[in-house]
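Engineer: Before I ask anything, here is the structure I am working with.
Residue numbers (the working numbering): 9 to 558.
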């Protein structure tokens, strides 16, 4: 009976895939997009501070991005100013843009119907002006929409389409209810932004380990994928590598906890204060305490920088869970040389920011983005290098990845801890593609505990790094088996094959073993030799830098 139910589920799955497929099927050679968030207002500010023409400044950084395998940019706060310069550089370096229109950005209930009509016309006129530009993937007029706003946002989409019938929208969710209930018209790119390496407010510190953070990331990616798939949209997954230091919130917790909105009760507020004061006294769990003649000041890292192999693991997680685009927030260069010099001493930064004497140009609401993917001058940018490696690995398979559709019911059974596998269907290619992922990224203090205790000695460095973390370096033998349901879904099976080499993988007592680097992944195929030969032809041995057009 159970097998019959599963068979019916599989039949329904393939029927759905056949009917609406995936947006990626429409394009024969669509690349997998590895992208970053960039903000024009920030680029303009830094270019002015360095006395560099804006196009030259954009060109400099788009060149860096292209050299590191990045072929997508989410342009936050875009508008008419310098937009043609971004388009020119995007075309030159093979980078696709998702412009977020700051002058027509949806404000929800604050807007009347007349407001929506006015801004829809402005957005439509701007979109129409650039409708034939291949550098533009989609347009954003709202991200992280509240559940209660979705009907009004859909109305706004419809009004824009009256002026720009060919407009394609991008929407990144932070609320699963909003993602599930969003009415038509459907965006062509739907995704979510999940930031896992975070300050745990209820615990007052970094109680979640890298392993927990990556598992949470994977579960979140899986939860939002169906909302893109059922609408025929490409799925976009967003993470952050930025290290953010917070001041205002930290001092409220430690000095005036009664002003906190959460927790609510005085008892809980005092418990949180006591816990955080203990952390700050020892500079544990990401907390810092600075004692001066003016009193004590506090700060903590809202996010710490992703440790080695973790960014690559997030990228491969996006593939494992069906994404066609993987973006990272954010790529921000330091504002001015003065800010860079002022930020060198974290103690001075904390004191000056808390007292308001010297606020760095990048500070907003008591928070400083300390590090981003842009790194800092003269310091090795390990995270950008890791993203480049992830891009090379994933884009080797991009002609397959952008065609395939996830079969949610079919997961591979892996025997190795923190390894995962997922089955996919590729239209017109009988058989099943398997994505395997190794999330064993490294080791950390307290015996690499999955969830830390309040008394654990966990420290975040002055550079926003998890201290004592050691990245794994050697490939891991990932042992897995294929459930009968996957074999049945594959149809005729002549073997298990490695898609990159095209070679067969021989099982031992029904178990397969594949070596995968820390944080990385690979694509396999279960089917016939004829079909694996066809898919193998789609594998690009080495993805070079993006095409540069002079």
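Even glycine gets a Cβ: it sits at the ideal position worked out from N, Cα and C.
Tell me whether residue 132 is buried or exposed, calling it buried when 16 or more other Cβ atoms sit within 10 Å of its Cβ.
Structural biologist: Your numbering for residue 132 matches position 124 in the chain shown. Result: buried.
Engineer: Within its chain, find whatever has a CB closer than 6 angstroms to the CB of residue 179; leave out the 5 residues flanking it on each side and keep chain order.
Structural biologist: Mapped onto the chain shown, residue 179 falls at position 171. Answer for residue 179: 195, 198, listed in chain order.
Engineer: Just how far apart, CA to CA, sit residue 547 and residue 399?
Structural biologist: For the purposes of this step, residue 547 is taken as residue 539 along the chain shown, with counting starting at 1. For the purposes of this step, residue 399 is taken as residue 391 along the chain shown, with counting starting at 1. Roughly 14 angstroms between the two C-alpha positions.
Engineer: Could you check what DSSP says for residue 268 in three-state terms: helix, strand or coil?
Structural biologist: One-based indexing of the chain shown puts residue 268 at position 260. In this structure, residue 268 counts as coil in the three-state DSSP scheme.
Engineer: Cutting at 7 angstroms between CB atoms, please list the residues of its own chain near residue 289, excluding the five before and the five after it.
Structural biologist: On the chain shown, residue 289 is found 281 positions in, with the first residue counted as 1. Once the five neighbours on either side are set aside, the close Cβ partners of residue 289 are 297.
Engineer: Mind checking residue 525: buried by the 16 CB within 10 Å criterion, or exposed?
Structural biologist: In the chain shown, counting from the first residue as 1, residue 525 sits at position 517. When all chains shown are included, residue 525 counts as buried.
Engineer: If we ignore side chains and look at the alpha-carbon of each, how far apart do residue 295 and residue 216 end up?
Structural biologist: Translated into the one-based positions of the chain shown, residue 295 becomes position 287. Translated into the one-based positions of the chain shown, residue 216 becomes position 208. Whole-angstrom Cα-Cα distance: 15 angstroms.
Engineer: When you compare each of 190, 181, 277 to residue 245 by their alpha carbons, which one comes out closest?
Structural biologist: Locating residue 245 in the chain shown gives position 237, where the first residue counts as 1. Per the Cα distances, 181.
Engineer: Compare the C-alpha of residue 516 against each of 489, 62, 98 and name the closest.
Structural biologist: Here residue 516 refers to the residue found at position 508 of the chain shown. Ranking 489, 62, 98 by Cα distance to residue 516 puts 489 first.
Engineer: Could you check which residue in 208, 175, 156 has the C-alpha nearest to that of residue 183?
Structural biologist: Here residue 183 refers to the residue found at position 175 when the chain shown is read from its first residue. The option with the nearest alpha carbon to residue 183 is 156.
Engineer: Using the beta-carbon count (16 or more within 10 Å), is residue 34 buried or exposed?
Structural biologist: For the purposes of this step, residue 34 is taken as the residue at position 26 of the chain shown. Interpretation of residue 34 is limited by its pLDDT of 40, a score under 50 that renders its predicted location unreliable; the figure taken from the coordinates is listed afterwards. Residue 34 comes out exposed.
Engineer: For the segment 73-83 and the segment 267-287, state whether three or more C-beta atom pairs, one from each stretch, are separated by less than 8 angstroms.
Structural biologist: Verdict: no, contact absent.
Engineer: So is residue 221 buried or exposed if we call it buried at 16+ other beta carbons inside 10 Å?
Structural biologist: Taking the first residue of the chain shown as 1, we reach residue 221 at position 213. The residue in question, residue 221, is buried, as its Cβ has 16 or more Cβ neighbours within 10 Å.
Engineer: Please tell me whether residue 225 and residue 202 are closer than 9 angstroms, where the distance is taken between their beta carbons.
Structural biologist: Within the chain shown, numbered from 1, the residue matching residue 225 stands at position 217. Within the chain shown, numbered from 1, the residue matching residue 202 stands at position 194. Yes, the Cβ-Cβ distance between residue 225 and residue 202 is below 9 angstroms.
Engineer: Considering just the uninterrupted stretch of the beta strand (DSSP E) at residue 433, what are its terminal residues?
Structural biologist: Residue numbering aside, residue 433 sits at position 425 when the chain shown is read from its first letter. Note, residue 433: beta strand (DSSP E), 427-434.
Engineer: Can you give the Cα-Cα distance for residue 359 and residue 265, rounded to whole angstroms?
Structural biologist: Translated into positions along the chain shown, residue 359 becomes position 351. Translated into positions along the chain shown, residue 265 becomes position 257. Computed Cα separation, rounded: 20 angstroms.
Engineer: Between 484, 537, 501, which lies nearest to residue 521 when the distance is taken from Cα to Cα?
Structural biologist: By one-based count along the chain shown, residue 521 stands at place 513. Closest option to residue 521, Cα to Cα, is 484.
Engineer: Which word fits residue 459, buried or exposed, when buried means at least 16 other C-beta atoms lie within 10 angstroms of its C-beta?
Structural biologist: Taking the first residue of the chain shown as 1, we reach residue 459 at position 451. Result: exposed.
Engineer: Applying the 10 Å Cβ sphere with the 16-neighbour rule, what's the burial state of residue 310?
Structural biologist: For this step, residue 310 is matched to residue 302 along the chain shown. Label assigned to residue 310: buried.
Engineer: Alpha carbon to alpha carbon, what distance is there between residue 326 and residue 421?
Structural biologist: The sequence position of residue 421 within the chain shown is 413, counting from 1. The sequence position of residue 326 within the chain shown is 318, counting from 1. In a straight line, the C-alpha of residue 421 is about 19 angstroms away from that of residue 326.
Engineer: In the segment 473-541, which residue ranges form an unbroken alpha helix (DSSP H) of at least 4 residues, counting only runs that do not cross its ends?
Structural biologist: DSSP runs (the alpha helix (DSSP H)) wholly in the segment 473-541: 492-498.
Engineer: By DSSP, does residue 299 sit in helix, in strand, or in coil?
Structural biologist: Residue mapping note: residue 299 aligns to position 291 of the chain shown, counting from 1. Three-state result, residue 299: strand.
Engineer: Do residue 474 and residue 506 come within 9 angstroms of each other at the CB atom, strictly closer than that value?
Structural biologist: For the purposes of this step, residue 506 is taken as residue 498 along the chain shown, with counting starting at 1. For the purposes of this step, residue 474 is taken as residue 466 along the chain shown, with counting starting at 1. No, the pair does not count as a contact, with Cβ atoms beyond the cut-off.
Engineer: Helix or strand or just coil, what does DSSP make of residue 544?
Structural biologist: Position 536 of the chain shown holds residue 544. If DSSP states are grouped into helix, strand and coil, residue 544 belongs with the helices.
Engineer: Excluding the 5 residues flanking residue 235 on each side, which residues of the same chain have their C-beta closer than 7 angstroms to its C-beta?
Structural biologist: Walking along the chain shown from the start, residue 235 turns up at place 227. The answer, listed in chain order, is 187, 188, 198.
Engineer: Taking DSSP's pairing of strands, which residues face residue 206 in a bridge?
Structural biologist: For the purposes of this step, residue 206 is taken as the residue at position 198 of the chain shown. DSSP, once it has assigned bridges, lists 311 as partnering residue 206.
Engineer: Hey, would you say residue 530 sits closer than 9 angstroms to residue 381, going by beta carbons?
Structural biologist: By 1-based counting over the chain shown, the position of residue 530 is 522. By 1-based counting over the chain shown, the position of residue 381 is 373. Taking 9 angstroms as the Cβ cut-off, residue 530 and residue 381 do not qualify as a contacting pair.
Engineer: Is it buried or exposed, residue 451, if we count other Cβ atoms within 10 angstroms and call 16 or more buried?
Structural biologist: As a first step, residue 451 must be located in the chain shown, where it is residue number 443. Residue 451 should be labelled exposed.
Engineer: Under 8 angstroms by Cβ, that's how I've got residue 330 and residue 439 pegged, so tell me the actual separation to the nearest angstrom.
Structural biologist: Position 322 of the chain shown holds residue 330. Position 431 of the chain shown holds residue 439. That belief does not hold up - the Cβ atoms of residue 330 and residue 439 are roughly 18 angstroms apart, past 8 angstroms.
Engineer: Using the three-state DSSP reduction, which class does residue 51 fall into: helix, strand or coil?
Structural biologist: On the chain shown, position 43 is the one that residue 51 refers to. Residue 51 falls in the helix class under three-state DSSP.
Engineer: Identify, in the order they occur along the chain, each residue of the same chain with its Cβ nearer than 6 angstroms to the Cβ of residue 171, setting aside the five sequence neighbours on each side.
Structural biologist: For the purposes of this step, residue 171 is identified with residue 163 of the chain shown, where counting begins at 1. Contacts found: 129, 132.
Engineer: Between the segment 138-154 and the segment 105-122, do at least 3 Cβ pairs fall closer than 8 angstroms?
Structural biologist: Touching, yes, given that three or more Cβ pairs across the two stretches are closer than 8 angstroms.
Engineer: Is residue 549 closer than 9 angstroms to residue 449 when the C-beta atoms are compared?
Structural biologist: The sequence position of residue 449 within the chain shown is 441, counting from 1. The sequence position of residue 549 within the chain shown is 541, counting from 1. No. Outside cutoff.
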